[in-house]
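The structure appears below as structure tokens.
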Amino acid sequence: MSHQKAKLPLFDPQLLGPACLDALRKLSPRAQWKNPVMFVVYLGSILTTVLWLQALFGAGADAPAGFILAIALWLWFTVLFANFAEALAEGRSKAQAASLRGMQRQTIGKKLLEPHYGSRWVPVDASELRRDHTVLVQAGDTIPLDGEVIEGVASVDESAITGESAPVIRESGGDFSSVTGGTRVLSDWLVVRITVNPGESFLDRMISMVEGARRQKTPNEVALTILLVGLTIVFLLVVVTLLPFSIFAAGASGAGKAVTLTALVALLVCLAPTTIGALLSAIGVAGMSRMMQANVIATSGRAVEAAGDVDVLLLDKTGTITHGNRQAVAFHTAPGVDERVLAEAALLASRADETPEGRSVVTLAGVRCGLDSSQPLEGAQFVAFTAQTRMSGVDVDGRRIRKGSMDAIARYLEENGSHLPPRLQQIGDDVARRGATPLMVVEGGRALGVIELKDIVKTGIKERFADLRRMGIRTVMITGDNPLTAATIAAEAGVDDFLAEATPEAKLKMIRDYQAEGRLVAMTGDGTNDAPALAQADVAVAMNSGTQAAKEAGNMVDLDSNPTKLLEIVETGKQLLMTRGSLTTFSIANDIAKYFAILPAIFVATYPQLNAFNVMKLHSPSSAILSAVIFNALIIMALIPLALKGVKYRAIGATALLNRNLLIYGVGGLLVPFIGIKLIDLLLTQIGLV
Numbered sequence: 001m002s003h004q005k006a007k008l009p010l011f012d013p014q015l016l017g018p019a020c021l022d023a024l025r026k027l028s029p030r031a032q033w034k035n036p037v038m039f040v041v042y043l044g045s046i047l048t049t050v051l052w053l054q055a056l057f058g059a060g061a062d063a064p065a066g067f068i069l070a071i072a073l074w075l076w077f078t079v080l081f082a083n084f085a086e087a088l089a090e091g092r093s094k095a096q097a098a099s100l101r102g103m104q105r106q107t108i109g110k111k112l113l114e115p116h117y118g119s120r121w122v123p124v125d126a127s128e129l130r131r132d133h134t135v136l137v138q139a140g141d142t143i144p145l146d147g148e149v150i151e152g153v154a155s156v157d158e159s160a161i162t163g164e165s166a167p168v169i170r171e172s173g174g175d176f177s178s179v180t181g182g183t184r185v186l187s188d189w190l191v192v193r194i195t196v197n198p199g200e201s202f203l204d205r206m207i208s209m210v211e212g213a214r215r216q217k218t219p220n221e222v223a224l225t226i227l228l229v230g231l232t233i234v235f236l237l238v239v240v241t242l243l244p245f246s247i248f249a250a251g252a253s254g255a256g257k258a259v260t261l262t263a264l265v266a267l268l269v270c271l272a273p274t275t276i277g278a279l280l281s282a283i284g285v286a287g288m289s290r291m292m293q294a295n296v297i298a299t300s301g302r303a304v305e306a307a308g309d310v311d312v313l314l315l316d317k318t319g320t321i322t323h324g325n326r327q328a329v330a331f332h333t334a335p336g337v338d339e340r341v342l343a344e345a346a347l348l349a350s351r352a353d354e355t356p357e358g359r360s361v362v363t364l365a366g367v368r369c370g371l372d373s374s375q376p377l378e379g380a381q382f383v384a385f386t387a388q389t390r391m392s393g394v395d396v397d398g399r400r401i402r403k404g405s406m407d408a409i410a411r412y413l414e415e416n417g418s419h420l421p422p423r424l425q426q427i428g429d430d431v432a433r434r435g436a437t438p439l440m441v442v443e444g445g446r447a448l449g450v451i452e453l454k455d456i457v458k459t460g461i462k463e464r465f466a467d468l469r470r471m472g473i474r475t476v477m478i479t480g481d482n483p484l485t486a487a488t489i490a491a492e493a494g495v496d497d498f499l500a501e502a503t504p505e506a507k508l509k510m511i512r513d514y515q516a517e518g519r520l521v522a523m524t525g526d527g528t529n530d531a532p533a534l535a536q537a538d539v540a541v542a543m544n545s546g547t548q549a550a551k552e553a554g555n556m557v558d559l560d561s562n563p564t565k566l567l568e569i570v571e572t573g574k575q576l577l578m579t580r581g582s583l584t585t586f587s588i589a590n591d592i593a594k595y596f597a598i599l600p601a602i603f604v605a606t607y608p609q610l611n612a613f614n615v616m617k618l619h620s621p622s623s624a625i626l627s628a629v630i631f632n633a634l635i636i637m638a639l640i641p642l643a644l645k646g647v648k649y650r651a652i653g654a655t656a657l658l659n660r661n662l663l664i665y666g667v668g669g670l671l672v673p674f675i676g677i678k679l680i681d682l683l684l685t686q687i688g689l690v
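If you're matching positions, the sequence shown starts at 1 in the UniProt record's numbering and goes up one per residue.
Written out as structure tokens, the structure is:
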């Protein structure tokens with residue numbers, strides 16, 4: 001059963017109070033300087049406050065004290081609302097981090113004092129353990145720090161990390177040898193080699209990432225910030241030149257008076273891209289928080305953003321496209337070979353194979369031929385499966401039995417002076433065309449037959465791939481199956497391409513080839529043999545159940561260890577980019593209405609003809625300026641929910657997405673301020689504040 005974290009309400013009462021206090025703390029110049037656009041508003045707030053004090057004490061005020069005070073207050077509110085948006089996003093992340101920190105507790109580890117197992121173990125505090133120390137963990141014990149199992153097999157409760165109640169098996173060797181500090185052993189025992197120092201554990205890194213301590217601005221965010229700063233500088237230069245121009249125009253015409261500093265500050269704040277400037281940081285923090293809600297830990301905002309930019313997905317067939325529970329369903333014998341002989345050889349070759357496929361071969365041999373797998377094998381030497389050989393087996397009683405893929409066995413037979421019988425090749429091809437996986441069994445130089453393994457493509461996966469295709473994302477299935485099986489399943493699942501008989505080197509080469517074409521590549525992995533490809537991929541999602549090497553190579557960790565999660569990660573990344581793009585479009589579009597509100601109000605005394613541009617029929621110049629400033633502040637608060645929740649993800653193409661974005665947030669951003677500023681003007685007029 002998949003686990004879903006309980007979602008925090010958007011405006012949780014427990015978060016609002018601390019967010020308000022943090023918004024006040026962020027008023028320090030050091031904090032404000034980090035956001036250049038809002039720093040300009042911050043300076044404008046200080047300047048108008050000084051102008052108000054000057055007017056209050058009658059020291060040559062350029063406008064009524066009440067008007068200046070109103071402008072100053074709403075500029076401060078603008079800064080506070082921006083601070084509040086960021087603080088609320090950070091508060092949601094801190095709440096998630098607090099729940100993770102609650103999992104941390106002082107634990108005792110049984111440390112090995114001497115270099116041989118069976119030697120003396122002494123209890124030590126987890127804080128005294130270091131990398132490469134060895135500990136014993138028994139039933140009921142909490143694993144003190146992250147490590148690799150080097151001896152034993154046990155059932156481990158990882159619900160504190162993953163939220164999944166079902167225990168998992170951890171054992172030495174293979175891809176399920178990694179254990180996480182803070183999880184609990186339910187049965188049996190493990191000898192664990194510690195792989196981190198205190199403070200460097202997976203849980204510590206999770207807390208640091210979720211709190212945002214390592215959140216650096218992503219390349220797109222940096223580029224957008226530079227653009228916003230550039231626009232702000234342009235508007236600053238324009239506003240600065242307006243003052244001498246206004247003084248000259250007022251003197252030359254002899255009508256009216258020059259524009260006030262208060263009005264110029266209001267103009268600068270309203271024309272600068274304050275809306276997106278105020279929400280930009282909150283959007284990035286919320287993106288990482290949404291990834292955490294999906295039970296995925298991203299090492300940086302860069303990884304989340306890259307997930308939204310990927311255009312190639314490398315997906316393992318087993319567990320992602322298919323259910324991943326391949327089962328042996330039939331034995332197909334070679335000419336002249338009895339089924340019992342084939343079943344016995346298959347059983348012997350699978351005795352040390354603890355994978356679900358290996359166990360299913362043992363089960364099928366028992367069901368079909370009544371063979372007993374509990375008999376001891378004296379002097380047997382087992383050959384482990386590797387990604388390179390793609391073959392396993394056993395040497396026992398002078399017999400050399402091997403089980404593996406068709407091409408691997410064909411090479412093995414050639415190396416032993418034999419060849420693959422054409423009839424068996426045909427049987428294997430027939431099995432592959434049905435979408436099943438053929439495994440061949442040989443003894444010495446003699447081919448005995450084929451085992452048929454059957455898996456099922458997941459329901460709905462074809463439709464999801466179609467959605468990705470509409471978004472311009474290419475899907476590639478990675479499998480160790482032969483090309484015939486891979487082609488059949490690829491066609492059934494609807495992927496764009498596949499890599500059959502995949503080796504770690506082949507995966508790495510494919511990623512590099514796509515990157516050489518200028519594409520961004522995402523992939524998942526859980527084994528040590530996946531680490532090189534994960535390190536190369538732009539978005540690398542390691543399974544929490546996988547090896548330490550895989551988790552260190554990736555830039556994301558899926559706590560649920562669900563390979564299908566890659567699709568959700570890409571959607572979350574795209575939602576982040578869509579949200580940022582939509583609010584940027586809205587921010588720039590809503591400036592247009594402010595031109596019609598403030599510019600006529602500022603210069604109407606000097607140039608009465610400009611009153612024709614007062615299309616909103618605002619009550620007076622002062623009400624027009626104040627209404628625009630108030631709207632500029634309130635729209636930030638109104639958009640906080642959208643910044644935190646994100647724009648709804650839609651699987652549509654880039655052109656359709658751009659048109660939709662321009663229609664909703666471009667046209668919407670154009671119209672909403674006209675309505676909002678007019679309503680605020682009516683309200684101010686009604687209550688007699690202007």
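From the three backbone atoms N, C-alpha and C, an ideal C-beta is built for every residue, glycine too.
The model shown is predicted, which means the values in this text are computed figures rather than measured ones.
So what does DSSP say about residue 596, is it helix, strand or coil? Here the question's residue 596 lines up with position 596 in the sequence shown. Three-state result, residue 596: helix.
Just verifying my parser: in three-state terms, what is the DSSP assignment at residue 148? As a working mapping, residue 148 is identified with position 148 in the sequence shown. If DSSP states are grouped into helix, strand and coil, residue 148 belongs with the strands.
Nearest-angstrom Cα separation, counted from residue 507 out to residue 372: Residue mapping note: residue 372 aligns to position 372 of the sequence shown, counting from 1. Residue mapping note: residue 507 aligns to position 507 of the sequence shown, counting from 1. Each residue's Cα considered, the two are about 39 Å apart.
Inter-residue Cα distance where the pair is residue 2 and residue 320: The sequence position of residue 2 within the sequence shown is 2, counting from 1. The sequence position of residue 320 within the sequence shown is 320, counting from 1. Residue placement at residue 2 is flagged as unreliable, the pLDDT there being 39, under the threshold of 50; a coordinate-derived value is accordingly withheld.
Are the stretch 568–581 and the stretch 277–284 in contact at 8 Å, needing three or more beta carbon pairs? The stretch 568–581 makes contact with the stretch 277–284, as at least three CB pairs between them are under 8 Å.
Coil, strand or helix - residue 213 by DSSP: Taking the first residue of the sequence shown as position 1, residue 213 is located at position 213. Note that residue 213 has pLDDT 40, beneath the 50 cutoff, so the model's placement of it is unreliable and the number below is only indicative. Coil, per DSSP.
What are the complete alpha helix (DSSP H) segments, minimum 4 residues, inside the stretch 536–580? Here the runs fully enclosed are 548–553.
Report yes if the C-beta distance between residue 71 and residue 272 is below 7 Å; otherwise report no. For this step, residue 71 is matched to residue 71 along the sequence shown. For this step, residue 272 is matched to residue 272 along the sequence shown. No. Outside cutoff.
Evaluate residue 417 with the Cβ neighbour count: other Cβ atoms within 10 Å of its Cβ, from every protein chain shown; 16 or more gives buried, anything less gives exposed. Along the sequence shown, read from residue 1 onward, the residue named residue 417 stands at position 417. With fewer than 16 other Cβ atoms within 10 Å, it is exposed.
Run through the stretch 601–672 for me and flag every whole alpha helix (DSSP H) of 4 or more residues, listed as ranges in chain order. Runs of the alpha helix (DSSP H) spanning 4 or more residues and lying entirely within the stretch 601–672 occur at 621–645 and 654–661, in chain order.
Would you kindly work out how many angstroms separate the C-alpha atoms of residue 183 and residue 143, rounded to a whole number? Taking the sequence shown and counting its residues from 1, one reaches residue 183 at position 183. Taking the sequence shown and counting its residues from 1, one reaches residue 143 at position 143. So the alpha carbons of these two residues sit roughly 6 Å apart.
Under 8 Å, with one C-beta from each stretch per pair, do the stretch 583–594 and the stretch 662–680 reach the 3-pair mark? Three or more beta-carbon pairs separated by less than 8 Å link the stretch 583–594 to the stretch 662–680, which places the two stretches in contact.
Reduced DSSP secondary structure (H/G/I, E/B, other) of residue 681: On the sequence shown, residue 681 is found 681 positions in, with the first residue counted as 1. Residue 681: helix per DSSP, three-state reduction.
Just the C-alpha distance for residue 522 and residue 565, rounded to the nearest angstrom, thanks. In the sequence shown, residue 522 corresponds to position 522, counting from 1. In the sequence shown, residue 565 corresponds to position 565, counting from 1. Looking at the backbone, the Cα of residue 522 and that of residue 565 are separated by about 12 Å.
Taking a contact to mean a Cβ-Cβ separation below 7 Å, would you say residue 669 touches residue 589 in this structure? For the purposes of this step, residue 669 is identified with residue 669 of the sequence shown, where counting begins at 1. For the purposes of this step, residue 589 is identified with residue 589 of the sequence shown, where counting begins at 1. Yes, the Cβ-Cβ distance between residue 669 and residue 589 is below 7 Å.
Opening and closing residue of the beta strand (DSSP E) in which residue 439 lies: For the purposes of this step, residue 439 is taken as the residue at position 439 of the sequence shown. Element bounds for residue 439: 437–443.
So, are the CB atoms of residue 121 and residue 152 less than 7 Å apart? Walking along the sequence shown from the start, residue 121 turns up at place 121. Walking along the sequence shown from the start, residue 152 turns up at place 152. In this structure, residue 121 keeps its C-beta atom at 7 Å or more from the C-beta atom of residue 152.
In or out: residue 125 buried (at least 16 other Cβ within 10 Å) or exposed? As a working mapping, residue 125 is identified with position 125 in the sequence shown. Residue 125 should be labelled exposed.
Would residue 327 and residue 360 qualify as a contact pair, given that the criterion is a beta-carbon distance under 7 Å? Numbered from 1 along the sequence shown, position 327 holds the residue referred to as residue 327. Numbered from 1 along the sequence shown, position 360 holds the residue referred to as residue 360. Yes. Within cutoff.
Between residue 357 and residue 453, how many whole angstroms is the CB-CB distance? I'm expecting something under 8 Å. Translated into the one-based positions of the sequence shown, residue 357 becomes position 357. Translated into the one-based positions of the sequence shown, residue 453 becomes position 453. Going by Cβ atoms, the distance from residue 357 to residue 453 rounds to 6 Å, so yes, they are a contact pair.
Return yes when the Cβ of residue 394 is within less than 7 Å of the Cβ of residue 334, no when it is not. The residue labelled residue 334 in the question sits at position 334 within the sequence shown. The residue labelled residue 394 in the question sits at position 394 within the sequence shown. No, the pair does not count as a contact, with Cβ atoms beyond the cut-off.
Contact set for residue 295: own chain, Cβ-Cβ below 6 Å, skip 5 residues either direction: Locating residue 295 in the sequence shown gives position 295, where the first residue counts as 1. Within the same chain, 559 and 560 come within 6 Å of residue 295 by CB-CB distance, once the 5 residues on both sides are set aside.
C-alpha distance - residue 378 paired with residue 128, whole-angstrom precision: Within the sequence shown, residue 378 is the residue found at index 378, counting from 1. Within the sequence shown, residue 128 is the residue found at index 128, counting from 1. Residue 378 and residue 128: Cα-Cα distance of roughly 44 Å.
Euclidean distance between Cα positions of residue 620 and residue 235: By 1-based counting over the sequence shown, the position of residue 620 is 620. By 1-based counting over the sequence shown, the position of residue 235 is 235. One C-alpha to the other measures close to 24 Å.
Sort 43, 684, 276 and 364 by Cα distance to residue 623 and report the nearest one. One-based indexing of the sequence shown puts residue 623 at position 623. Of the listed residues, the one whose Cα sits closest to residue 623 is 684.
I'd like the span of the alpha helix (DSSP H) that includes residue 426, first residue to last. Your numbering for residue 426 matches position 426 in the sequence shown. Per DSSP, the continuous alpha helix (DSSP H) segment holding residue 426 begins and ends at 422–433.
Go ahead and pull the three-state DSSP assignment for residue 414. Sequence index remark: in the sequence shown, residue 414 carries index 414 (1-based). If DSSP states are grouped into helix, strand and coil, residue 414 belongs with the helices.
Quick check on residue 332: buried or exposed, where buried means 16 or more other Cβ atoms within 10 Å of its Cβ? Position 332 of the sequence shown holds residue 332. Its Cβ being crowded by 16 or more others within 10 Å, residue 332 is buried.
Status (buried if at least 16 other CB within 10 Å, exposed otherwise) for residue 482: On the sequence shown, position 482 is the one that residue 482 refers to. Answer is buried; the Cβ neighbour count reaches 16.
Residue interval of the alpha helix (DSSP H) (run including residue 276): In the sequence shown, residue 276 corresponds to position 276, counting from 1. For residue 276, the uninterrupted alpha helix (DSSP H) segment begins and ends at 274–293.
Give a yes or no on whether the C-beta atoms belonging to residue 87 and residue 22 are separated by under 7 Å. To locate residue 87, count along the sequence shown from 1; it is residue 87. To locate residue 22, count along the sequence shown from 1; it is residue 22. Taking 7 Å as the Cβ cut-off, residue 87 and residue 22 qualify as a contacting pair.
Quick one: what's residue 28 bridged to in DSSP? Taking the sequence shown and counting its residues from 1, the one referred to as residue 28 is at position 28. Looking at the DSSP assignment, residue 28 forms no beta bridge with any residue, so it has no partner.
Which whole runs of the beta strand (DSSP E) in the stretch 458–532 are 3 residues long or more, in chain order? Taking only runs of at least 3 residues, the beta strand (DSSP E) segments lying wholly in the stretch 458–532 are 474–478, 497–499 and 521–525.
Taking all protein chains shown into account, decide if residue 512 is buried (16 or more other Cβ within 10 angstroms of its Cβ) or exposed. Sequence index remark: in the sequence shown, residue 512 carries index 512 (1-based). Taking every protein chain shown into account, the CB of residue 512 has fewer than 16 other CB atoms within 10 angstroms, so this residue is exposed.
Can you give me the C-alpha to C-alpha distance between residue 436 and residue 456, rounded to a whole angstrom? Position 436 of the sequence shown, counted from the start, is the residue given in the question as residue 436. Position 456 of the sequence shown, counted from the start, is the residue given in the question as residue 456. Straight-line spacing of the CA atoms in residue 436 and residue 456 works out to 9 Å.
Give the DSSP-derived three-state secondary structure of residue 142 in the structure shown. For this step, residue 142 is matched to residue 142 along the sequence shown. Correct three-state label for residue 142: strand.
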